[in-house]
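Residues in the sequence shown are numbered from 1 upward in steps of one, following full-length UniProt numbering. Each residue gets a CB set at the ideal place from its N, CA and C atoms; glycine is no exception. Structure, as structure tokens:
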Amino acid sequence: MEKTLIRIHPVSDPEAEYFLQVSWEKDISSGFGIILTDGEYAWTGTVSEAEISREAADMEMNREKYVEELKKALIFGEESAGKYNFTVSVDEENAQCHFSYERNLKDGSFRLGSLKLQKVSHPADVVKELIGYCLDCLGGLQVKNEHLQKENERLFCDLSDVEKRLEKCVEAKEELEADLYNRFVLVLNEKKTKIRNLQKLLNEAKELAVDTQCTRDSIATTQMATEKEDDYDGSTEEESENLIQSSLPSAPERRDSLLGSPDVISTAPRRKRRQRTMNPAGTEAKIATYETEMLAKENRTIFSS
């Protein structure tokens, strides 16, 4: 059986103090018993399951909700102080006590229930029972408190161990971060060096390609100029030979001219002047040499004849 004990102050006499004990088997919805005492007198009574259902129906309230209201009023009375009102009316002639409980609202209140309690012939026994219940509760609370203290100490030790582990984890994490950062810096520097080297090689390759192209262009230009000069020299030599052949008379004509001329020496200058006007400037030296040789041969022929 479960029991609760609360302290209440009736609305009719706020200075008075009563102790209300509620007991039930499985759940308060199946019925409960009440013991009310002021320390000198005691009254007792019961509320059946049918009466609970009848009260809920009279109030047009859902039964579960009504049971919840009963728990708040009769079990958690002090915690819900100000939300519920209690009325105690003692009838000494009939040895009865009329006990009722209400729920306060903003604009009024509504009655949750009421019952007539019978006076106990030996209230001292009831007081002893309540004191025993209080002592049992106190002992249970002490045991629970000791258990909670031990659990608290265990949790505190666990917390200390966890904090130490956490500190080690933090230190390891910081060391790992520092190591990773150093490695990252090394890798980054290596990558930067490789990139710079590759950039340098790329620039050198570009410069080499430009130089090669310039060299090829210059070689091609030189070859073209050489070919043009060769073509020009060939055409010049052919023109010179043609001019020499056309300008020189045949052998009998030269011989007759030499024999008929009064002065041999005066012939060459006239021919030179004539050929100088006829031949290009580039072939004058060759023509002069050739004419001199021919004149010398003709003179030797004349003197020998």
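Minimum C-alpha distance to residue i - residue among the options
i	options	result
residue 14	142, 86, 154	86
residue 10	1, 64, 84	84
residue 3	17, 19, 24	24
residue 306	215, 31, 102	This structure leaves residue 306 out entirely; the chain is present only between 1 and 305.
residue 38	32, 45, 16, 57	16
residue 65	228, 96, 29	29
residue 125	36, 114, 215	36
residue 104	129, 72, 182	72
Rounded C-alpha distance that separates residue i from residue j
i	j	result
residue 62	residue 48	17 Å
residue 194	residue 210	24 Å
residue 119	residue 149	43 Å
residue 177	residue 155	31 Å
residue 123	residue 153	44 Å
residue 306	residue 50	Missing from the structure shown is residue 306; the chain here goes from 1 to 305 and no further.
residue 189	residue 222	49 Å
residue 146	residue 108	46 Å
residue 165	residue 157	12 Å
residue 170	residue 139	45 Å
residue 254	residue 219	Because residue 254 sits at a pLDDT of 47, beneath the cut-off of 50, its placement in the model cannot be relied upon, and the following sentence gives the value as read from the coordinates. The alpha-carbon atoms of residue 254 and residue 219 are separated by roughly 51 Å.
residue 131	residue 159	40 Å
residue 19	residue 133	12 Å
residue 173	residue 180	10 Å
residue 208	residue 201	10 Å
residue 44	residue 143	31 Å
residue 76	residue 162	39 Å
residue 112	residue 46	15 Å
residue 206	residue 199	10 Å
residue 91	residue 70	25 Å
residue 96	residue 106	32 Å
residue 228	residue 203	37 Å
residue 186	residue 197	16 Å
residue 115	residue 94	15 Å
residue 141	residue 135	10 Å
residue 67	residue 53	9 Å
residue 100	residue 117	10 Å
residue 110	residue 58	12 Å
residue 60	residue 151	48 Å
residue 40	residue 137	22 Å
residue 168	residue 175	10 Å
residue 225	residue 191	50 Å
residue 182	residue 213	46 Å
residue 1	residue 129	14 Å
Helix, strand or coil at residue i [DSSP, three-state]
i	result
residue 3	strand
residue 218	helix
residue 22	strand
residue 266	At residue 266, the pLDDT of 45 sits below 50, so the modelled position is not reliable and the matter cannot be decided from this model.
Beta-carbon gap between residue i and residue j smaller than 9 Å
i	j	result
residue 21	residue 8	no
residue 32	residue 74	yes
residue 89	residue 12	yes
residue 56	residue 127	no
Minimum Cβ-Cβ distance from residue i to chain C less than 9 Å
i	result
residue 42	Looking for chain C here will not work: only one protein chain is present.
Which whole runs of the alpha helix (DSSP H) in the region 27–114 are 4 residues long or more, in chain order? Taken in chain order, the unbroken stretches of alpha helix (DSSP H) that lie wholly in the region 27–114 and span 4 residues or more are 49–58, 63–70.
Of all the beta strand (DSSP E) runs that stay within the bounds of the UniProt domain "XRCC4 coiled-coil" (122–198), which reach a length of 3 or more residues? Runs of the beta strand (DSSP E) inside the UniProt domain "XRCC4 coiled-coil" (122–198): none found.
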